[in-house]
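As structure tokens, the structure follows; a few thoughts come after it.
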Amino acid sequence: MKKHIALAALAATLLMSGNAMSKEELPKTHVQVVGYLSNVPAYLQFEKPFWTETIPRLSDGRVTADIKSFDEMGLKGPEILRLMSNGVIEFGTATLSYFASDNPVNEAVDLAGMAPSVQEERTIVDTFKPVYERRLLKQGIRLMGIGTNAAQVIFCNSPIKGLAGLKGKKVRTSSRTQADFVEALGGSSVNMAFAEVVPALQTKVLDCAITGSLSGFTAKWYEVSNYLLELPINWNPIIYAVNLKAWDKIDPKVQAFIQTNMSKMIDSIWDDAARQTQEGYDCNTGAAACKAKVKGKMTLVVPTDADKKLLAKLTKDDVVPKWAKRCSKDCVADFNETIGKKLGITASK
155 MKKHIALAAL AATLLMSGNA MSKEELPKTH VQVVGYLSNV PAYLQFEKPF WTETIPRLSD
215 GRVTADIKSF DEMGLKGPEI LRLMSNGVIE FGTATLSYFA SDNPVNEAVD LAGMAPSVQE
275 ERTIVDTFKP VYERRLLKQG IRLMGIGTNA AQVIFCNSPI KGLAGLKGKK VRTSSRTQAD
335 FVEALGGSSV NMAFAEVVPA LQTKVLDCAI TGSLSGFTAK WYEVSNYLLE LPINWNPIIY
395 AVNLKAWDKI DPKVQAFIQT NMSKMIDSIW DDAARQTQEG YDCNTGAAAC KAKVKGKMTL
455 VVPTDADKKL LAKLTKDDVV PKWAKRCSKD CVADFNETIG KKLGITASK
């Protein structure tokens, strides 16, 4: 504990001094990183350049890294924490939703409908972050930070006027909390891999599907769906972590250097999430603000006050209670003491 307090103090000193430490004082260090999905902005625009360009540049080449996305390595995502815990992976990145089946506490910060804006989602994440830090340390993992994807929103290939329009529809979901949300609306949840969604929407196997507004555009969902609901369902937060034994072998000066700059990178990811979300709306619907060469022609469905009230009601009355039944008493208590207190929601076993 004393070592971690000392590290925090050193990181704070570095931050206040604008990284004034002479770069020559940093011992030569090379780390191995298993990064996030290879085709998403969080990896392409932030994480990969951070390790391959920013860190070497700021350290005058004294701190370097090898990085590959987990999908490039043939991994699926849910095994990342286990591989970090046993030391196979040093630095690793994945979405929290991958680990929800192992422990529902990993859904706590991203329950469907809980954060209609990226600012609200960051507040929720920051409130619950100490809980994740404590729990991960017990697994031999140090949490470096939590970022996010763009808003997870609803694409449909048949007309909808709002959330109530999901009743009776078959909807692709990628997490248990999204499934709870869809089923509470009277829809049918279909758990389906991202790569399978386009043909499923095209052949009407699916009526709707949930994904990030920008990732849906990149995957050309606008070619097989016509309506896009401008209402974030959840955010799919990303964790950045490191095996604790590997971390403890790194010189404290380098630890502080990496943590300080990684925190800045994660701040940039949060700042960019709102822009990505809007870009997804613009490009899927062919708005003038979209700079892409090829744009979609989807209809943007603007949520009404009734939609927003329904979203909040479903979260409180259906999504949170179903999640609480899956989670342990300690997990529910942690939620109530942090997120629940912040939002005025009480979960119970």
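To convert a position in the sequence shown, counted from 1, into the working numbering, add 154. Beta carbons: idealized from backbone N, C-alpha and C, even for Gly.
- The beta carbons of Leu-180 and Val-408 sit closer together than 8 Å.
- Straight across, the Cα-Cα distance linking Leu-465 with Ile-493 is about 17 Å.
- Take Cys-444, set aside five residues on each side of it, and the residues of its chain with a beta-carbon closer than 6 Å to its own are Asp-436 and Cys-437, in chain order.
- DSSP, reduced to helix, strand and coil, places Tyr-381 within a strand of the structure shown.
- Lys-447 and Ile-295 have their alpha carbons spaced roughly 43 Å apart.
- With fewer than 16 other Cβ atoms from the protein chains shown falling within 10 Å of its own Cβ, Lys-451 counts as exposed.
- By the Cβ criterion, the region 394-407 is not in contact with the region 323-332, since fewer than three pairs of Cβ atoms, one from each stretch, lie closer than 8 Å.
- Under DSSP, Gln-273 forms no beta bridge with any residue.
- Per the coordinates, the alpha-carbon of Glu-275 lies some 16 Å from the alpha-carbon of Gln-332.
- Put simply, of Asp-484, Pro-475 and Thr-372 the residue whose alpha carbon is nearest the alpha carbon of Ile-499 is Pro-475.
- If you look at Ile-493, you'll find it isn't in any alpha helix (DSSP H); DSSP assigns it neither H nor E.
- For Arg-289, the closest C-alpha among the options Leu-235, Thr-206 and Asn-303 is that of Leu-235.
- Among the bridge pairs identified by DSSP, Cys-310 is matched with Cys-362 and Tyr-381.
- With fewer than 16 neighbouring CB atoms inside 10 Å of its own CB, Lys-479 falls in the exposed class.
- One thing to note: Phe-245 has its Cβ within 8 Å of the Cβ of Gln-186.
- Rounded to the nearest whole angstrom, the C-alpha separation of Glu-491 and Cys-485 is 10 Å.
- Secondary structure of Gln-293 (DSSP, three-state): coil.
- Within the same chain, Tyr-190, Gly-301, Asn-303, Ile-392 and Ile-423 come within 7 Å of Ala-196 by CB-CB distance, once the 5 residues on both sides are set aside.
- The beta-carbon distance between Ile-364 and Val-307, rounded to whole angstroms, is 7 Å. This is short enough to meet the 8 Å contact definition.
- Non-local C-beta neighbours of Asp-461 in its own chain, meaning closer than 7 Å and more than five positions away in sequence, comprise Gly-316, Leu-317 and Leu-385, ordered along the chain.
- Under a 10 Å Cβ-count criterion, Glu-433 is classified as buried, with 16 or more other Cβ atoms of the shown protein chains found around its own Cβ.
- Within the model, the alpha-carbon separation for Ala-248 versus Phe-200 is close to 14 Å.
- In this chain, the alpha helix (DSSP H) harbouring Gly-370 covers 367-372.
- Counting every other CB atom within 10 Å of its CB across the protein chains shown gives Leu-291 a total below 16, marking it as exposed.
- The C-alpha of Thr-439 is placed about 15 Å away from the C-alpha of Pro-313.
- Val-187 has Ile-221 and Phe-245 as its beta-bridge partners, per DSSP.
- Between Leu-250 and Val-263 the beta-carbon gap is near 7 Å, inside 8 Å, which marks them as a contact.
- Per DSSP, reduced to three states, the secondary structure at Asn-397 is strand.
- Around Lys-202, the same chain offers Gly-189 and Ile-221 as residues with beta carbons nearer than 7 Å, after the five sequence neighbours per side are excluded.
- Straight through space, the alpha carbons of Glu-350 and Thr-357 are spaced by roughly 11 Å.
- For Lys-483, the closest alpha carbon among the candidates Val-259, Val-194 and Leu-198 is that of Val-259.
- Of the other Cβ atoms in all chains shown, fewer than 16 fall within 10 Å of the Cβ of Asn-240; this residue is therefore exposed.
- Pairwise C-beta distances place the region 333-342 out of contact with the region 375-383, as fewer than three of them are shorter than 8 Å.
- For Arg-216, there is no enclosing alpha helix (DSSP H), since its DSSP letter is neither H nor E.
- Shown here, Thr-302 sits in coil according to DSSP, grouped into three states, outside any helix or strand.
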